[in-house]
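K.L.:
Okay, handing you the structure first.
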Amino acid sequence: MQAYNLYPAPHPQTAGRVIDGEAVLLLAETNEIQVLNPVGSRIFELADGQHTLAEIASILTEEYNVDFHQALADVSEFVQQLVDSQVLVLYDQPRTGP
Amino acid sequence: MAEIPISIAEIPVHLLIDDGGAAERVRQHYAAFLDEGGQPPALTLSVVVRAGARFVPIEPGPWIMNITHQAGQITFESYLEAGEADLNKGTGQVVMAPEGSLENVLRVLYAWLCLRQGGLLLHAAGVIRNGKGYAFFGPSGAGKTTTTRLSQGIAQTLSDDLVIIRRMNGRYILYGVPFRGEMAEAPRLHAQAPLTGLFRLRQAQRHAVVPLTPAEGVAELVAAAPFVVADPAAAAELINVCGALTAAVPVRALHFRRDAGFWSMIDASV
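Chains G and Y, in that order, give the protein sequences.
Position one of the first sequence corresponds to residue 1 (our numbering), numbered consecutively onward.
Position one of the second sequence corresponds to residue 1001 (our numbering), numbered consecutively onward.
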């Protein structure tokens, strides 16, 4: 399966909430706290287990008027960073629950 | 068995202590916080004093309190004290050595009791000035004790280390707690005031009050809330509580140098 067809979703050990367009993330296992910038927060918001990376990139392409391929590359890189820091998990099927 | 009812931030806890000497020490230590209101307790904590009790090996290094939490069930374990509490049932038990103390146990339990009631135990200095409550928060070394000392004669000290903030009747209230900080002379008042200012401390060369975004404010508050990030559900609840608090009382950064001039900046900002 191509990476851009994967579905990112919040890691089960992470709590997060978008407040006024900025995501506050709290990793329960490490007590690490992160605040994402507005674009990162939008990606986190869309990483709900219902959107693939490609779909997220498509939404950002419309919202930020950027090139799709560049958006896909940026989304993939950013999501991988969040996966590495245990904020997100990638699934090969849509997620229907926590 | 001695029953000692205390109330901190209007949250009653009853202590049932099986040792007369320990009970008297607890009664004296929490004298200002003894509850005479007869309110039903949020938690009844049975305390067994056992000679020679040891739970965590005493070694050089940071103070240790191992905590687990799952759906209202808490376990805690430190050097001389260990126990568990079921916050859903409102009961708990502690075993401690005669030279142990309930102070850290109560800090942990009150942190959880506050969170369950939409409040927050916060690593913060708290003062009351002209009937208004101000909290200055941040990690160790941020300047909590310093701002408390600089505020003497200007404001009434609640604490230089820990306060409780709760929403009561539609507004946030800043409460004093009986827990000790670095400032031995701090009175640990059983007092409260409407929360007017919430400041993240930053030591600097000049005084300034700088707004934070709501998300930054929440992140700073979460980082200053001890004990309660033990599982994802609690973390989510903590973020929600801090989000509601910052929506009502915005968090600002207080850049300050070591004089009381920062109060003029505060007065101009709230």
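For each residue, glycine too, the CB sits at the ideal point set by N, CA and C.
Please report the residue range of the beta strand (DSSP E) in which G/V18 lies.
P.N.:
Within the first sequence, numbered from 1, the residue matching residue 18 of chain G stands at position 18. Residue range T14 to I19 is occupied by the beta strand (DSSP E) that includes G/V18.
K.L.:
Could you list which residues in chain G have their beta carbon closer than 8 Å to that of Y/E1216, in chain order?
P.N.:
To locate residue 1216 of chain Y, count along the second sequence from 1; it is residue 216. Taking a Cβ-Cβ cut-off of 8 Å, the neighbours of Y/E1216 in chain G comprise E22 and V35, given in sequence order.
K.L.:
Using a Cβ cut-off of 9 Å (strictly closer), state whether Y/L1245 contacts chain G.
P.N.:
What you label residue 1245 of chain Y is simply residue 245 of the second sequence in a count that begins at 1. With 9 Å as the cut-off, Y/L1245 does not count as an interface residue toward chain G.
K.L.:
Going by beta carbon distance, what residues of the same chain come within less than 6 Å of Y/H1255, once the five residues before and after it are set aside?
P.N.:
By one-based count along the second sequence, residue 1255 of chain Y stands at place 255. Hits under 6 Å: R1202, A1204 and A1208.
K.L.:
At 7 Å on the CB atoms, spell out the chain G contacts of Y/V1210, in chain order.
P.N.:
Here residue 1210 of chain Y refers to the residue found at position 210 when the second sequence is read from its first residue. Going along chain G, no residue has its Cβ under 7 Å from Y/V1210, so there is no contact; the nearest lies around 16 Å.
K.L.:
Enumerate in chain order the residues of its own chain whose CB-to-CB distance from Y/E1216 is below 8 Å, with the five nearest sequence positions on each side excluded.
P.N.:
To locate residue 1216 of chain Y, count along the second sequence from 1; it is residue 216. Closer than 8 Å at the Cβ level, and outside the excluded window around Y/E1216, lie V1251.
K.L.:
Taking the alpha carbon of Y/F1137 as the point to measure from, which residue in Y/L1121, Y/R1129, Y/G1131 and Y/Q1152 has its own alpha carbon closest?
P.N.:
Your numbering for residue 1137 of chain Y matches position 137 in the second sequence. The shortest Cα separation from Y/F1137 among Y/L1121, Y/R1129, Y/G1131 and Y/Q1152 belongs to Y/L1121.
K.L.:
Mind checking whether Y/A1155 and Y/W1063 have CB atoms under 9 Å apart?
P.N.:
Along the second sequence, read from residue 1 onward, the residue named residue 1155 of chain Y stands at position 155. Along the second sequence, read from residue 1 onward, the residue named residue 1063 of chain Y stands at position 63. No, these two residues do not count as a Cβ contact at 9 Å.
K.L.:
What in chain G is Cβ-close to Y/D1231, meaning under 8 Å?
P.N.:
If you number the second sequence from 1, residue 1231 of chain Y lands on position 231. Going along chain G in sequence order, the residues near Y/D1231 (Cβ under 8 Å) are A28.
K.L.:
For Y/Y1030, tell me which candidate among Y/M1265, Y/E1003 and Y/I1173 has the shortest Cα-Cα distance.
P.N.:
Here residue 1030 of chain Y refers to the residue found at position 30 of the second sequence. Selected option, being the one with the closest Cα: Y/E1003.
K.L.:
Find the residues of chain Y that neighbour G/R42, judging by a C-beta separation of less than 9 Å, and give them in chain order.
P.N.:
Reading the first sequence from its first residue, position 42 is the one you call residue 42 of chain G. None at all; the shortest Cβ gap to chain Y is about 13 Å.
K.L.:
Rounded to a whole number of angstroms, what is the C-alpha to C-alpha distance between Y/L1195 and G/A57?
P.N.:
Here residue 1195 of chain Y refers to the residue found at position 195 when the second sequence is read from its first residue. Here residue 57 of chain G refers to the residue found at position 57 when the first sequence is read from its first residue. In a straight line, the C-alpha of Y/L1195 is about 43 Å away from that of G/A57.
K.L.:
What do you get for Y/Q1070, buried or exposed, if any count of 16 or more other CB atoms within 10 angstroms of its CB means buried?
P.N.:
Position 70 of the second sequence, counted from the start, is the residue given in the question as residue 1070 of chain Y. That one is exposed.
K.L.:
Looking at C-alpha atoms only, which residue of Y/V1228, Y/I1058, Y/P1178 and Y/H1123 is the closest neighbour of Y/H1190?
P.N.:
Along the second sequence, one-based indexing puts residue 1190 of chain Y at 190. Residue nearest to Y/H1190 within the set Y/V1228, Y/I1058, Y/P1178 and Y/H1123 is Y/P1178 (criterion: CA-CA distance).
K.L.:
Checking the sheet assignment: what are the DSSP bridge partners for Y/T1044?
P.N.:
Along the second sequence, one-based indexing puts residue 1044 of chain Y at 44. Paired residues: Y/H1014 and Y/T1091.
K.L.:
Buried or exposed for Y/S1140, please, with buried defined as at least 16 other CB atoms from any protein chain shown within 10 angstroms of its CB.
P.N.:
Indexing the second sequence from 1 puts residue 1140 of chain Y at position 140. Flag for Y/S1140 reads exposed.
K.L.:
List the residues of chain Y that G/A15 touches, going by C-beta distances under 7 Å, in chain order.
P.N.:
By 1-based counting over the first sequence, the position of residue 15 of chain G is 15. What G/A15 touches in chain Y: P1232, A1235, A1236 and I1239.
K.L.:
Less than 9 Å between the beta carbons of Y/T1271 and G/I19, yes or no?
P.N.:
Outside the shown range of chain Y (1001 to 1270) lies residue 1271 of chain Y, about which nothing can therefore be said.
K.L.:
Report the residue from Y/G1118, Y/A1268 and Y/F1199 whose alpha carbon sits nearest the alpha carbon of Y/A1125.
P.N.:
Counting from one through the second sequence, the residue named residue 1125 of chain Y turns up at place 125. Taking only the C-alpha atoms, the option nearest Y/A1125 is Y/F1199.
K.L.:
With DSSP as the reference, please indicate the residues paired to Y/I1164 in a beta bridge.
P.N.:
One-based indexing of the second sequence puts residue 1164 of chain Y at position 164. DSSP lists Y/L1121 and Y/Y1175 as partners of Y/I1164.
K.L.:
What does the Cβ neighbour count give for G/D92, buried or exposed, with the cut at 16 atoms within 10 Å?
P.N.:
Here residue 92 of chain G refers to the residue found at position 92 of the first sequence. G/D92 comes out exposed.
K.L.:
Could you check what DSSP says for Y/R1271 in three-state terms: helix, strand or coil?
P.N.:
Nothing about residue 1271 of chain Y can be read from this structure; chain Y reaches only from 1001 to 1270.
K.L.:
Once the 5 residues before and after Y/D1035 are set aside, which same chain residues still bring their CB inside 6 Å of it?
P.N.:
Locating residue 1035 of chain Y in the second sequence gives position 35, where the first residue counts as 1. If we look at Y/D1035 and ignore the five residues flanking it on each side, its Cβ neighbours are P1005, I1006, S1007 and P1012.
K.L.:
Which residues in chain G sit within 7 Å of Y/A1223, going by Cβ to Cβ distance?
P.N.:
Residue numbering aside, residue 1223 of chain Y sits at position 223 when the second sequence is read from its first letter. Simply I33.
K.L.:
Helix, strand or coil for G/V35? Go by DSSP, reduced to three states.
P.N.:
Mapped onto the first sequence, residue 35 of chain G falls at position 35. Correct three-state label for G/V35: strand.
K.L.:
For a minimum of 3 consecutive residues, which ranges assigned as the beta strand (DSSP E) are wholly contained in the region 1104-1156 of chain Y?
P.N.:
Runs found: 1120-1129 and 1132-1137.
K.L.:
Whose C-alpha, out of Y/R1050, Y/V1249 and Y/A1085, is nearest the C-alpha of Y/R1171?
P.N.:
Taking the first residue of the second sequence as 1, we reach residue 1171 of chain Y at position 171. For Y/R1171, the nearest C-alpha among the options comes from Y/V1249.
K.L.:
Examine chain Y for any beta-carbon lying closer than 9 Å to the beta-carbon of G/P12, and answer yes or no.
P.N.:
Counting from 1 along the first sequence, the entry for residue 12 of chain G is found at position 12. Cβ-Cβ to chain Y under 9 Å: yes for G/P12.
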